[in-house]
Every structure is written in structure tokens, then in C-alpha cells.
Amino acid sequence: DTAVSQTPKYLVTQMGNDKSIKCEQNLGHDTMYWYKQDSKKFLKIMFSYNNKELIINETVPNRFSPKSPDKAHLNLHINSLELGDSAVYFCASSPGQGQGQFFGPGTRLTVL
Amino acid sequence: GENVEQHPSTLSVQEGDSAVIKCTYSDSASNYFPWYKQELGKGPQLIIDIRSNVGEKKDQRIAVTLNKTAKHFSLHITETQPEDSAVYFCAASSEEYGNKLVFGAGTILRVKS
Chain A
1 DTAVSQTPKY LVTQMGNDKS IKCEQNLGHD TMYWYKQDSK KFLKIMFSYN
51 NKELIINETV PNRFSPKSPD KAHLNLHINS LELGDSAVYF CASSPGQGQG
101 QFFGPGTRLT VL
Chain B
1001 GENVEQHPST LSVQEGDSAV IKCTYSDSAS NYFPWYKQEL GKGPQLIIDI
1051 RSNVGEKKDQ RIAVTLNKTA KHFSLHITET QPEDSAVYFC AASSEEYGNK
1101 LVFGAGTILR VKS
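In the order they appear, the protein sequences are chains A and B.
For the record, in the first sequence the residue sitting at position 46 is 46 according to this note's numbering, with numbers rising by one throughout.
For the record, in the second sequence the residue sitting at position 9 is 1009 according to this note's numbering, with numbers rising by one throughout.
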């Protein structure tokens, strides 16, 4: 029944490693997003895809690469992890652009 | 680009009292203003939203008001309950900037019983 799901929920890894976070939505939405929430709870958009097409790409290091194999999935791959990448990453989806977004439970990434 | 400021950063109220959280935005082209509630360890949950062609919207104990001239909008929670305790975020977006949601810094609401 989960609307927007993410895996894993927790991710602890060493600096320099490469990791992926997966996101799936079963709401039939056209638009999906990745957000980063820092230790002060500030939420900032990273990427947005509409019908598998990248439409928003904020000033994010190119170590971060989103991939949308289909409308229901938006994965985030991170290369050469750095200490500053430690945060909670949220996936979200919406019926279309400019509409209410539904968030997943988050993935807490800790880089040691 | 858009900038959203949110006040207060923390708010404590007695159970049954009302709570008001205010946000201001900078981009007059912004036309969509959602509010999110985030409980500890969970993702933000959309609780109410308003578009620029409407001045007020209400859903049970929650209401949002929008003043386009002054570029500010507010969340009103009446008859607060302990389960209303959470972090609340306002956000704004405009079609001009690809409908990108820009969030406020959040308000920690504590409802004391």
C-alpha cells in the first residue's frame, strides 16, 4: 500500500564509495523528485523528472546522477561519496508539475 | 530565484489553543503554496495547499490564508492537539521557474498537554 517507497532506509558507508538509493511510486504520477534535507532540516530540491525526462537539475555536484527507467521509478546514484553528502534524501512524486507532492520515508545517508 | 522566509522557528502552545505560522515569499510570479507536516523520522506530508487565485482555504482545523499583495501566507491550526506537534514547512513555486518548490526553514510546533 506504500505510495512512495525508498530503499534503503539507512545507508552507512565510507568516503570515496559509490552508492545508490532507489525510489518507486505506485500512485501513477508523472513527476518525481529528489530532495536533500540537511542536519538543520532544510529541504532543497536536487532533481525533478517528468515522464522520465529531466526537467529540474539544481546546482548539484555531477557525482550525483539520477536515473528514471520508467515513470514509476527514480533512482539516485552517488559517486565518490564525501562527508558533506551525509543527509536525509527524500524522493517525492506528484500527478504533474506544479501539483501537490507526496514524499517517501527518506534514506538517511551517513558517510564516515 | 524564489526565497521563502518562515517564522517563528519554534512555537509552543497549550493544547486547545491556536497556532499560526507565517511565511513570506519574494517572487511575485509564485502561484502555488503548499504546507507540509514532518513528524520525527518520517517524510514531509502535504496537509493543505493554496493557489494564487484563492485568498483562503480551510480543511477542518487547518486553514491557510494568502495575501498576494504583501507576498505572505499563513497556516492556522485551531484547537491544537498533542499529535499536531511536528515540524511544519511552507513552500512556494512558480511556473516561471519550472514549478520548483522552494521551502521555508521550518517551524517546530510543540503542543503541551
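Each residue gets a CB set at the ideal place from its N, CA and C atoms; glycine is no exception.
All values reported here derive from a predicted model rather than from experimental measurement.
DSSP beta-bridge partners of residue i
i	result
Y33 of chain A	A:S48, A:A92
P1034 of chain B	B:D1049
N1067 of chain B	B:H1072
D999 of chain B	No answer is possible for residue 999 of chain B: the residues shown for chain B start at 1001 and end at 1113.
E53 of chain A	A:N50
Buried versus exposed call for residue i [16 or more other C-beta atoms within 10 Å across all chains shown]
i	result
V4 of chain A	buried
N50 of chain A	buried
P1082 of chain B	exposed
E1095 of chain B	exposed
N17 of chain A	exposed
E24 of chain A	buried
V1004 of chain B	buried
S1012 of chain B	exposed
S48 of chain A	buried
Assigned secondary structure, residue i (DSSP; H/G/I helix, E/B strand, else coil)
i	result
E1095 of chain B	helix
L81 of chain A	coil
E24 of chain A	strand
P66 of chain A	strand
D1017 of chain B	coil
D1084 of chain B	helix
T1078 of chain B	coil
N17 of chain A	coil
T59 of chain A	coil
K1112 of chain B	strand
N983 of chain B	No answer is possible for residue 983 of chain B: the residues shown for chain B start at 1001 and end at 1113.
S86 of chain A	coil
Close-in-space but distant-in-sequence residues of the same chain around residue i (CB under 7 Å, 5 per side omitted)
i	result
V111 of chain A	T13, M15, L81, E82, L83, D85, S86
H29 of chain A	S93, S94, P95
K52 of chain A	S68, D70, K71
Q1014 of chain B	K1112
P1008 of chain B	T1107
A1116 of chain B	Outside the shown range of chain B, which is 1001 to 1113, sits residue 1116 of chain B, and nothing can be said about it.
Contacts around residue i, its chain only, beta-carbon distance under 6 Å, and the 5 residues preceding and following it disregarded
i	result
E1056 of chain B	T1065
A1029 of chain B	S1094, E1096
Other residues of its chain near residue i: CB distance less than 8 Å, five sequence neighbours each side excluded
i	result
S20 of chain A	N75, L76, H77, I78
Task: the region 1033-1045 of chain B / the region 1083-1092 of chain B touching (three or more Cβ pairs under 8 Å) - done: The region 1033-1045 of chain B, when compared against the region 1083-1092 of chain B, does touch it at the 8 Å Cβ threshold.
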